[in-house]
Amino acid sequence: MKALQFSGSSQAKLVNLELGPLQVGWARVQVHYNSVCGSDLALYAGNWHGHRYPIVPGHEWSGIVTEVNGPGDHWVGQRVIGDLIHACRVCPPCRDGLPVMCESLTELGFTVNGGCAEYVDVPTENLYSLPDELDLATACQVEPTAVALHSVARAGIQPGERVAVLGCGGIGLLIIQAAQYAGAAVELATDPIEFRRGAALTVGASRTSNTDAAAYAQLSDERFDVVFEASGAPQSVAQALGLLRPGGRVISVGYRVGASHPIETAKLPLLYASLIGVMGPGGKYREAISLLTRGGIDTKPLLTDFVALEGHEAALARAVERKPGTIRVVFDLLGGGSHG
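Quick note: this note's numbering has the sequence shown finishing at residue 662, numbered continuously throughout.
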């Protein structure tokens, strides 16, 4: 099968891989769409954790089941997405409801081959069926939408709370919408790129700001109940604390491996503030599917570039360089399909 493979830092190529035997309890899925996440770009840059090379990246995919080995023949022919996390379910983190922290974790697109290929193999227990009303191009955003919903749930959003979102990439744009779905008022979104700030306004942010020192100086009197840090920029947690009201919460979603920046730790007790980390989709897949199906989340502003695998080199360059007009690259594995 045709696949995109990362073989090292900034090394990506198209390869033909043999379709090996399907493991018992696993399904083989013909991939229709796979979007490129910030973690995929970090993996491409060689700056990620818990991965191996060579690897077929991709965990934000959608497709149709073609084969199952073992019980579960009813999956064949179904339109699906899948959880990227394959956990043991018996170690202490798993028993505590944190499969993303599993002591023997495997992750699709990081430790086992993922969705940037004509086919992907997935445990049947990780599959989620899709309603006919949800097109497959939109469905490749189920996983990041689940991350956004999980982030909002961790924040404990209450209706009417004032929210700021730092970072208007794919996850940031989804968090803006998920926070509004929970009843919050997203009154500020920040990003250094004008095109992304425009996308934030499109999905419902009341206003936007640049991220330089002069722009943040203009925000010195602003205070929010919840600030989501979705950029991964190392200085953003400190900036988030500077925007927080007493008793507020900073939700750290984005991160860059190895990046660091000092924060004024005294602000945590002095503001009676909470700093909360979020990792992964938190099992919010069904809620994400339902919300996307009802049109409660608009993915069009973030799915900007639909390309074939053959166009990976230019597409990855646009995404890495954060070119104006590009937010999320989506690999269209079949070509010419509906993009929602």
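C-beta: ideal position from N, C-alpha, C; glycine also.
Just the Cα atoms here: how many angstroms apart are residue i and residue j?
i, j, result
"A470", "Q463", "11 Å"
"E516", "G576", "20 Å"
"V444", "T428", "11 Å"
"I573", "V378", "30 Å"
"T626", "G492", "10 Å"
"E382", "P466", "7 Å"
"P646", "D395", "45 Å"
"F546", "A560", "14 Å"
"E635", "G482", "44 Å"
"R484", "V422", "29 Å"
"E643", "R578", "16 Å"
"D457", "A555", "33 Å"
"E315", "F628", "What the structure shows of the chain is the stretch from 323 to 662, and residue 315 is not part of that stretch, so it cannot be assessed."
"Y355", "L614", "16 Å"
"A537", "N448", "44 Å"
"D454", "L565", "43 Å"
"H472", "V600", "8 Å"
"T460", "V474", "21 Å"
"H583", "L452", "42 Å"
Taking 7 Å as the limit between beta carbons, can you name the residues of its chain near residue i, skipping five residues before and five after?
i, result
"Q333", "none"
"V337", "A325, Q327"
"I498", "V487, V508, A511, A522, V525, G526, A527"
"L344", "R350, E389, N391, D443"
"S331", "A367, G368"
"G580", "N369"
"T433", "G372, H373, R374"
Keeping to the same chain, check which residues put their C-beta closer than 8 Å to that of residue i; ignore five residues upstream and five downstream.
i, result
"Q502", "V508, G526"
"L638", "A334, V358, L363, Y366, V651"
"P514", "N532, T533, D534"
"A468", "P603, G604, G605, K606, Y607, E609, A610"
"C413", "C424, E425, S426"
"L341", "M323, R350, Y441"
Assuming residue i is part of the alpha helix (DSSP H), what are its boundary residues?
i, result
"S361", "360-366"
"Y577", "Counting along the chain, Y577 falls outside any alpha helix (DSSP H), and DSSP gives it neither H nor E."
"Y503", "492-503"
"E635", "634-642"
"Y538", "535-539"
"T512", "Not the alpha helix (DSSP H): T512 falls in the beta strand (DSSP E), residues 507-512."
"I611", "607-615"
"E465", "464-477"
"T460", "458-461"
"V559", "558-564"
Tell me where the beta strand (DSSP E) around residue i begins and ends.
i, result
"H354", "348-357"
"G482", "Per DSSP, G482 belongs to no beta strand (DSSP E) and is neither H nor E."
"K335", "333-338"
"L590", "Not the beta strand (DSSP E): L590 falls in the alpha helix (DSSP H), residues 589-592."
"R401", "401-404"
In chain order, what residues of the same chain have a beta carbon less than 6 Å from the beta carbon of residue i, not counting five sequence neighbours either side?
i, result
"L279", "In the structure as shown, the chain starts at 323 and stops at 662, and residue 279 therefore has no counterpart that could be examined."
Pull the bridge partners of residue i from the DSSP assignment, please.
i, result
"S384", "Y355"
"A522", "Beta-bridge pairing links A522 to no other residue."
"D627", "V651"
"K324", "N338"
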